[in-house]
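Worksheet: the structure to be examined is printed underneath.
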Amino acid sequence: MEGRLLLKNCAVFRADGRVRTGMALLIEEGRIRRVAPDDEIPVLPGDWEVACRGRLVAPGLVDCHTHLVGGQLLPPSGNFLLSSPHTRLERRRHVASLLTPGEVEALSRFAIARALRDGITLAVEHLEAPADVAGALEAQASAAAQLGLRLVSGHLTHNLQGEASAAQWLEANADFARRRREHPLVRGAVGFLSSHTCDDALLLRIRDVAEASGAPLLFHLAEGQEDLALTYARHGKRVVPRLEELGLLGARSIAAHARTIDTSESERLVATQTFVAISPRSYFTSERTGESLETVLLRQHLVGLGTSGHGTLWDEALAAFMTLLRISRAGRLPDPDSALAQCLVSGPAELCTRLFNLPSGNLEEGFLADLVVYDYVPAADPETGYSPNLVGQLARSSVAWTIVNGRVTVREGQLLGTDFVELSREATSALSSVWTRARLSS
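Residue numbers (the working numbering): 5 to 446.
What follows is the structure in structure tokens.
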């Protein structure tokens, strides 16, 4: 947008639970230019003034690992979740193989619109659309740019369909990442599915492609007992040591799930500065995998919540908080509130900064203007500014405004310039088409 965006009379969020009331934020060229008491920043001719009326302004949410398209293709019903991991994988692969770029775009537009209305400003997408990887990635990028979501997307490559297919998918993914390297809103990642679905040669090629393109790596890490058992049977190593030896862990890596790791492996993730994206609800709905969630939460600094394409980040935050309370009651974690803020705010802010090379996650001058105005006027101690259970209060508050890169995408709860119901109708039509073809080709 041209001109200045000015948020007036707002309460400013801080991750430590404190708020500053009676503030104003000035936004220009995608960045926060000034944060000051309300009367110090007057409204000038040409400004777009947002009357916050005391409502809370907070950094936008980051979905650190999602499947915008895949999460709609096969919703996680009881029958699906009770199937074996192999059956679930094959069913997902079959349905995803039928996707066209047009269907990817329709499903992405609806998922992106829903994310923006939930206050998500950045999504890290793991896309699977093997029939046309290049077309699908471009369709998704177009949807994100049009609706205004910050997006990092990579394809879910594997060896399960043979070396030729894997090479073709990887090249299409790499080309997308190279062309989007400097895009202000949409970037490419180089992705693969998981350890047990890729041989050494493919993983080494993925590593080299990511290094050459400067793109981040996106993959499922030790996602379950099958991944762990098959990796060990084929390579004589557990998942984390194998990927580390192949050079796939590090500051460019976004590793999702980490459901079957031990303490030493968690320490290796910390040492290599690998970012870990967790979806705590899946620990309760998947096969038992020991105490890996606790292992991650107790040791990781670079950790953030992801939806895995299902539910909301606040659902994930609740599941994380339940786990953190259990750990704290056992005497192994002194401050569950701070740990939750790390997963929901601080860790994701570091991820966004890594991906876009700009400071993010704080309401300070020079930081990215990825913001949410909540329909919530916080109560705070007048002396300390502390607002009890601030994160918990936000979980129950609706999103009024979403601002991404200084652009308003949601205004008073409504998508700006887009009909949400029409997007839903288009997504439903796409799903009907895919599901019909899936039955016919089964």
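From the three backbone atoms N, C-alpha and C, an ideal C-beta is built for every residue, glycine too.
Here R184 is buried, its C-beta having at least 16 other C-beta atoms within 10 Å. Secondary structure of G315 (DSSP, three-state): coil. Look at the beta carbons and you see the segment 340-359 touching the segment 294-306: at least three pairs across the two are nearer than 8 Å. The way I'd put it, the segment 56-67 does touch the segment 404-414; three or more beta-carbon pairs between them come closer than 8 Å. In this structure, T70 is the residue among T70, T440, L337 and S87 with its C-alpha nearest to the C-alpha of G158. Across the set T388, V244 and F180, the C-alpha of F180 shows the shortest separation from the C-alpha of L131. Taking 8 Å as the cut-off, the beta carbon of A117 is found no closer than this to the beta carbon of R59. Approximately 5 Å separates the beta-carbon atoms of Q144 and S112; this is inside 8 Å, confirming the contact. The residue among V99, E44, G50 and R38 with its C-alpha nearest the C-alpha of R441 is V99. Taking the Cβ atoms as the reference, R154 lies roughly 20 Å from A255, outside the contact range of under 8 Å. Residue range R411 to R415 is occupied by the beta strand (DSSP E) that includes R415, with no alpha helix (DSSP H) assigned at that position. Taken in chain order, the unbroken stretches of beta strand (DSSP E) that lie wholly in the segment 196-267 and span 3 residues or more are 221-225 and 257-261.
CA-CA distance, W173 to L151, rounds to 26 Å. Sequence-distant Cβ neighbours of A55 in its own chain, meaning closer than 8 Å and more than five residues away, are K12 and N13.
Contact annotation: A321 and A262 have beta-carbon atoms that are not nearer than 8 Å. Here Q304 carries a coil assignment [DSSP, helix/strand/coil].
Here A148 is not near V108, since their CB atoms are 8 Å or more apart.
Here L253 is near T278, since their CB atoms are less than 8 Å apart. Residues L297 of the same chain have their beta carbon placed closer than 6 Å to that of Y287, with the five preceding and five following residues left out of the count. Closest by C-alpha distance to A259, out of G218, S283, A138 and G82, is S283.
For R191, the closest of L208, L222 and F114 by C-alpha to C-alpha distance is L222. With contacts defined as CB atoms closer than 8 Å, S342 and A353 fail to qualify as a contacting pair.
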